[in-house]
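K.L.:
Under this note's numbering, the first residue of the sequence shown carries the number 283, and numbering increases by one thereafter.
Ideal placement from N, C-alpha and C gives every residue a C-beta, glycine not left out.
Would you mind keeping the following structure in view while I ask a few things?
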Amino acid sequence: MKKNVWFVLITLLFSIQISELSAQAKKGLYTAELGIQAYTFRKSFPQGVEATLDSIKAMGFKEVEGTGGKVTPEEFRKMCDARGLVIPSTGAGYDELVKNPMEVVRKAKVLGAKYVMCAWIPHKSGAFNLDNAKKAVEDFNTAGKILKENGLTFCYHIHGYEFWPYEDGTLFDYIAKNTNPEYVSFELDVLWAIHGGADPVSLIKKYGSRWKLVHLKDLKKGVKGDRTGNTPQENDVILGTGQADIAGIIREGNKVGIKHFFIEDESNQVNYQVPRSIAYIKSLKK
Numbered sequence: 283m284k285k286n287v288w289f290v291l292i293t294l295l296f297s298i299q300i301s302e303l304s305a306q307a308k309k310g311l312y313t314a315e316l317g318i319q320a321y322t323f324r325k326s327f328p329q330g331v332e333a334t335l336d337s338i339k340a341m342g343f344k345e346v347e348g349t350g351g352k353v354t355p356e357e358f359r360k361m362c363d364a365r366g367l368v369i370p371s372t373g374a375g376y377d378e379l380v381k382n383p384m385e386v387v388r389k390a391k392v393l394g395a396k397y398v399m400c401a402w403i404p405h406k407s408g409a410f411n412l413d414n415a416k417k418a419v420e421d422f423n424t425a426g427k428i429l430k431e432n433g434l435t436f437c438y439h440i441h442g443y444e445f446w447p448y449e450d451g452t453l454f455d456y457i458a459k460n461t462n463p464e465y466v467s468f469e470l471d472v473l474w475a476i477h478g479g480a481d482p483v484s485l486i487k488k489y490g491s492r493w494k495l496v497h498l499k500d501l502k503k504g505v506k507g508d509r510t511g512n513t514p515q516e517n518d519v520i521l522g523t524g525q526a527d528i529a530g531i532i533r534e535g536n537k538v539g540i541k542h543f544f545i546e547d548e549s550n551q552v553n554y555q556v557p558r559s560i561a562y563i564k565s566l567k568k
């Protein structure tokens, strides 16, 4: 009799474990809050910031990176607060970071941001070189230190031109090696990494927790990139329909602790493409 009881209990426990594992297997791969890069709606914000934010909220977004056109940081924060939208990250131009980092700090704090990203290093188009990289290393270390002392994390947003070969790696490897991890982190832009000849999944594996933010963006199949940091807008396609391994990127991003993924769509069809990109990442399973 006792053997039968134990058999029933063991069978029941085993069944529960199988059910739990099955439930976990069905859970979505994408677990972060839905985030959007404000540049996606660059054509809508000038027509009405509040209406654009209403659309962003209606799509299901909870996080916004950046600001809304010509309104002040104070005004934009108020509008986002009213809609339950948070701003974990904002952008800053290279020159502003170098010349007036405390103004960058002020605006970020008004927005409630914890991260400040810079998306461009000045250089001659198509000819990013070691001198450009060295200058960026110096400036990023300096600005990043000031931002950290004020409770912010600086992230350099890659743009594809950093992947020119250098020694046994690339100029991006040089930047990563020579910037202080205490002061300089990175934002991965999926499309631009691929366009510059890099593999986003491998980049995440190589540099791990130095990646803090991700722009989810897909490059049209068949497009051969270069290292200019430029490509026609129509090459920005719905997530999951292009060259990027979006599932692999999210999976590796989760492993290294990335908490903020922002969909960015530079096409002229954002109202069509963005909802479908959302549906795609929500459809991914662990």
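Got a sec? Which residues, its chain only, sit under 7 Å from Tyr376 by beta carbon, not counting five neighbours each side?
P.N.:
If we look at Tyr376 and ignore the five residues flanking it on each side, its Cβ neighbours are Cys400, Trp402, Ile403 and Pro404.
K.L.:
Please state the DSSP three-state secondary structure of Ile520.
P.N.:
Note: Ile520 maps to coil in three-state DSSP.
K.L.:
From the DSSP output, in three-state form, read off Gly317 for me.
P.N.:
If DSSP states are grouped into helix, strand and coil, Gly317 belongs with the strands.
K.L.:
Is Asn550 buried or exposed, if buried means 16 or more other CB atoms sit within 10 Å of its CB?
P.N.:
Result: exposed.
K.L.:
Please classify His477: does DSSP put it in a helix, a strand, or coil?
P.N.:
Helix.
K.L.:
According to DSSP, Ile545 sits in a beta bridge with which residue or residues?
P.N.:
Ile318 and Leu498.
K.L.:
According to DSSP, is Gly310 helix, strand or coil?
P.N.:
It is a strand residue.
K.L.:
Please report the residue range of the beta strand (DSSP E) in which Gly373 lies.
P.N.:
Start and end: Val368 to Gly373.
K.L.:
Counting along the chain, where does the alpha helix (DSSP H) carrying Ser559 start and finish?
P.N.:
Note, Ser559: alpha helix (DSSP H), Val552 to Ser565.
K.L.:
If we count the other Cβ atoms within 10 Å of its Cβ and call it buried at 16 or more, is Glu449 buried or exposed?
P.N.:
Exposed, by the Cβ-count rule.
K.L.:
My understanding is that Asp421 touches Val380, with C-beta atoms under 8 Å, so please give their C-beta distance in whole angstroms.
P.N.:
About 5 Å separates the two Cβ atoms, so the contact holds.
K.L.:
Could you tell me which of Lys417, Ala418, Phe436 and Glu378 sits nearest to Val398, measuring between CA atoms?
P.N.:
Nearest option by C-alpha distance: Phe436.
K.L.:
Between the alpha carbons of Leu429 and Phe468, how many angstroms are there, rounded?
P.N.:
C-alpha separation (whole angstroms): 14 Å.
K.L.:
Using beta-carbon positions only, say whether Lys499 and Asp481 come within less than 8 Å of one another.
P.N.:
Going by C-beta atoms, Lys499 is not nearer than 8 Å to Asp481.
K.L.:
Are the stretch 331 to 339 and the stretch 491 to 510 touching, with three or more C-beta to C-beta distances below 8 Å?
P.N.:
No, they do not touch.
K.L.:
When DSSP labels each residue in this structure, what does Val569 get in the three-state scheme?
P.N.:
Since the displayed the chain opens at 283 and closes at 568, residue 569 lies outside it and no answer follows.
K.L.:
Give the DSSP bridge partners of Ser467, in chain order.
P.N.:
Cys437.
K.L.:
What span of residues does the beta strand (DSSP E) with Glu347 cover, start to end?
P.N.:
Unbroken beta strand (DSSP E) run through Glu347: Glu345 to Glu347.
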